[in-house]
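Residue numbers (our numbering): 642 to 799. Ideal Cβ positions, reconstructed from N, Cα and C, are used throughout, including at glycine. Here the structure is a predicted model, which means the values were calculated and not measured. Written out below as structure tokens is the structure these notes cover.
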């Protein structure tokens, strides 16, 4: 069986950007080195080399702006972390199906719609205060006002 082709890297901007294709993939990947020397990897989502390079340069600029603002460009969104957490509690055999179901409904109904696109590191006390106001209005004027009833019931049936 022949060996896989060794990945060929193309370096730009004083080796701050490296473009390459993974074996058996037509999409370009990029490895971007920040000014502090730390690197991160992203898929450009592009098949065209020139578009991939342009995307990588924009991503590098975005990372620099976020770093200047004191934010980590590699942080995940609340939605991605919440989905990972829901999957983890679903795999834990000590969690009862009812508990998993209740948590899933709450997270998907309230937390993801409000916090979904927020980066985890950008959720502050102010954001939580705004969430409390949004949550209080959810059943009167928000999306919950159109629903007939809550789907989570207490053990006593209320």
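Considering only 665, 745 and 675, the residue with the shortest C-alpha distance to residue 705 is 675.
Only buried fits residue 670, as 16 or more other CB atoms lie within 10 angstroms of its CB.
Distances from the CA of residue 785 to each of 750, 755 and 773 were compared; the closest alpha carbon is that of 750.
Runs of the beta strand (DSSP E) lying entirely within the segment 712-742 and spanning at least 3 residues: none are present. Taking C-beta atoms as the reference points, residue 687 and residue 668 count as a pair closer than 8 Å. Distance from the CA of residue 771 to the CA of residue 697, rounded to the nearest whole angstrom, comes to 35 Å.
With a cutoff of 8 Å on beta-carbon distance, residue 779 and residue 756 are scored as not near each other.
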